[in-house]
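In full-length UniProt numbering, the protein residues as written are 1 to 831. Read through the structure below, which is laid out as structure tokens, and then see the notes.
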């Protein structure tokens, strides 16, 4: 027997995905392979992912693989290599949202004395509905089923039926739902899951029902004892598939009436399984309070994808008195509002209107053109890894897809995707793009991205090894299949092709020959395909920079992969903590290399993009723009902010900055240049149409201040509306801001205002301003930056003096539109 000792390198412990990956490695050998966690003295069959998960292995646990059999020597060498170099890369679980930081409760809500239950936000948003408890499934009724000689046969039938049902559901799902149901399918297909149930029936003489429940409890108990949040949160998945198995085996024991939602509902439960969540009508599900759900729960991931707010940190029992009553779940301030009165309902009605307006404004901003201040157009595109990401990227304002990482289709599976699967995925993106360009990077696999079914040997340094275009000649059939799928899909849109890891002209000439062969084959088969497929290369190997003029004769465009280019240029492994501090893409050498690439390409009439992480870094946008980059590709959520920054930049100033940066002697000098360069946003007018509100249904002082501060956030004049509102209220505490004549002038100097503003609310009906000066029907709110000196006093006094004038007051109240009000004030007051 041979053994391998190692420390678990997985930050999240041995959960489902790395367990599956390790199982796949172990299953390739005839030898018996035993996994041992020395800290807990837990053992598992290395060829069962479920058994591996159950060992409770955490980061840095001392572990051993024991290998015994006819090929134990070869297995030991291969597994030792895998554990030391690749095992850590299998730890890719959903990270969930960053922990939500609850905003302070706004004064406009606190003054209404709401009844609040304080929780922890897991998914943000606001939802209102009737509080309703989830009816948990009582498994006791299954325990009463007697043992039968047919139990093993029934188990096999039920496992097969459940697998068939999950496969059927997968065909109708996408996104997170598909990923999670796939994980459930892999669990029930794990040999250990069924084998444990059979053993409990044979050895402990349990009935089938009792064996399924006991198996569930044993696995869940092991996971519950784990110190890893992620592993504890997999209990829900084990319960889910076990309960489904029971209901398939005894359908007659299912409740006669299903749990349905037909009115707006806030659901409260200890936890929900993913299948239970997917069974709900999310049109009526307005929020959830889940006592035991954690941040990496699969149910929570589904809730976020459906934009349903979720709170935790509240006991189910403590909420029982409110069952059947209306509640409001506020995931912004992390509270559950119980028994809201009319005033509180109005507060949340305003909050929801503001949220809807802000969402619409974000959509509008995303659609604005990508132009510099002096009207130079720049292409802003998205990096995506699957067809599912495309609609969100275009909604964020992407003008195309600058990088479709097609290798994602090849990973985490037993066989390569066939031509039809690829064709459908590529076509889906092109149809979403509606004519916008989509750059398909051919499969960047091999090297650090090991694909089990290709059997590429392990390497000492995979980043510099056998990967991307270098493997295509050996796997030419795989490459041609991908080219066929891209060419066929290209008939449905604007497709471009990009080859990764190119370092010589011979590689491109070979690719072009293969492309021609595939075109001829498609033509001879009468298959529709695009006759025009622009060809580009990733510029990531530094040697390309010195022969880029040769490449210009053969390709149509270039895209700089800044991540790999940087580490190859500096000979720095960015994943090695000993040298990763040297990994800095903003140095004179890197910038000069980019300048050389762009200058050579532009001389030959070719365009240059950048698709590494650097492409989405707003801080370095002026530098890269000044160097002449034509296209920036980044993750979708970064696009609106980058486009907004682009509109503040002058192209000539950026070119001067880039030339100066290339002459710097160090990265520190470049950073200083950038800090001094950062352009100021153009001034916004103090008073504008966007800050004037007419006839909004606002019926109290609280609602007016809430709405005016929220509107400033919608217009991009503050990023902290609740904090700004608090500053306004603090001024209100000092002295009333009602000035008589039906007018109030709330005002503040605040660090939270980005653009000093005058906001005006013309109300439908007079409201109580809690002042001896009487009711108010016109509110003029001054919010000035902390650096504004005494300007607010000057504006305030001008307004107060003018309001004494009867003719001005009458004209003010006679204005029947925001434009009329704006014209009057601009004519009468110097802002």
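Cβ atoms here follow ideal geometry from the backbone N, Cα and C, with glycine treated the same way.
Next on the checklist: Applying the 10 Å Cβ sphere with the 16-neighbour rule, what's the burial state of residue 826?
Outcome noted: exposed
Is there contact between the stretch 312-323 and the stretch 664-677, where contact requires at least three CB pairs shorter than 8 angstroms? no
Is residue 654 helix, strand or coil when you go by DSSP?
helix
Notebook entry, point to check: What's the C-alpha gap between residue 8 and residue 45?
Noted result: 17 angstroms
Could you give the distance in angstroms between the alpha-carbon of residue 3 and the alpha-carbon of residue 72?
9 angstroms
In this structure, how does DSSP classify residue 592 when only helix, strand and coil are distinguished? helix
Task: Segments assigned beta strand (DSSP E), at least 3 residues, entirely inside the stretch 371-451 - done: 379-384, 401-405, 437-441
Original post:
Which residue or residues does DSSP assign as beta-bridge partners of residue 68?
Top reply: 32
Please classify residue 1: is it buried, with 16 or more other beta-carbons within 10 angstroms of its beta-carbon, or exposed? exposed
Look up residue 747 in the DSSP assignment and give the residues it is bridged to. 782
Do you know how far the Cα of residue 153 is from the Cα of residue 161?
12 angstroms
Distance, residue 640 Cα to residue 621 Cα: 13 angstroms
So the beta strand (DSSP E) residue 477 belongs to, where does it begin and stop? First-last for residue 477: 476-489, but that is the alpha helix (DSSP H), not the beta strand (DSSP E).
What does a CB cutoff of less than 6 angstroms around residue 499 pick up in its chain, not counting 5 residues either side in sequence?
442, 469, 511, 537
Are the CB atoms of residue 33 and residue 88 nearer to each other than 8 angstroms?
no
Best match in 323, 342, 308 for proximity to residue 330 [C-alpha to C-alpha]:
308
Does the stretch 132-151 touch the stretch 245-254, meaning 3 or more C-beta pairs lie closer than 8 angstroms? yes
field: Cβ pair residue 402, residue 131 closer than 8 angstroms
entry: no
Requested in this report: Pick out the complete alpha helix (DSSP H) segments inside the stretch 663-741, 4 residues or longer, and give them in chain order.
Outcome: 667-677, 701-714, 721-734
Apart from the five residues just before and just after residue 270, which ones in its own chain have a Cβ nearer than 6 angstroms to its Cβ? 291, 292, 316
Review point. Quick one: is residue 98 buried, meaning 16 or more other Cβ sit within 10 Å of its Cβ, or exposed?
Key: Because the pLDDT of residue 98 is 42, which lies under 50, any placement of that residue in the model is unreliable, and the question is left without a value.
| Residues bridged to residue 312 (per DSSP) | 120
- Item | Bounding residues of the alpha helix (DSSP H) (the contiguous stretch that carries residue 839) | The requested residue 839 is not part of the displayed model; the chain covers only 1 to 831.
Q: With DSSP collapsed to three states, give me the class of residue 504.
A: coil
Please check if any C-beta of chain B sits within less than 8 angstroms of the C-beta of residue 410.
Given the protein chain composition of this structure (a single chain), no chain B is represented.
* Asked: Between residue 623 and the rest of its own chain, which residues show a CB-CB distance below 8 angstroms, the 5 nearest in sequence each way excluded?
  -> 586, 591, 654, 657, 658, 661, 670, 674
By how many angstroms is the C-alpha of residue 507 removed from the C-alpha of residue 164?
45 angstroms
Checklist entry - CB residue 744 to CB residue 693, shorter than 8 angstroms? => result no
Given 8 angstroms as the limit, is there contact between the stretch 486-494 and the stretch 526-536, that is, 3 or more CB pairs closer than that? yes
Let me confirm a value: residue 151 is counted as buried when at least 16 other C-beta atoms fall within 10 Å, else exposed. Which label applies? buried
Requested in this report: List the endpoints of the continuous alpha helix (DSSP H) containing residue 280.
Outcome: No alpha helix (DSSP H) contains residue 280, which DSSP labels as neither H nor E.
### Query
With distances taken from CA atoms, which of 566, 601, 595 is nearest residue 584?
566
**Report entry** Given residue 366 as reference, the closest of 381, 374, 355 once Cα atoms are compared
**Finding:** 381
| query | How about residue 705 and residue 725: are their beta carbons less than 8 angstroms apart? | reply | yes
Exercise. Please work out which residues of its chain come closer than 7 angstroms, Cβ to Cβ, to residue 14, disregarding the five sequence neighbours upstream and downstream, and give them in chain order.
Key: 8, 52, 53, 55, 57
Practice task
Could you pull out every residue in the same chain whose Cβ sits closer than 7 angstroms to the Cβ of residue 280, ignoring the five residues on either side in sequence?
Solution key: 261
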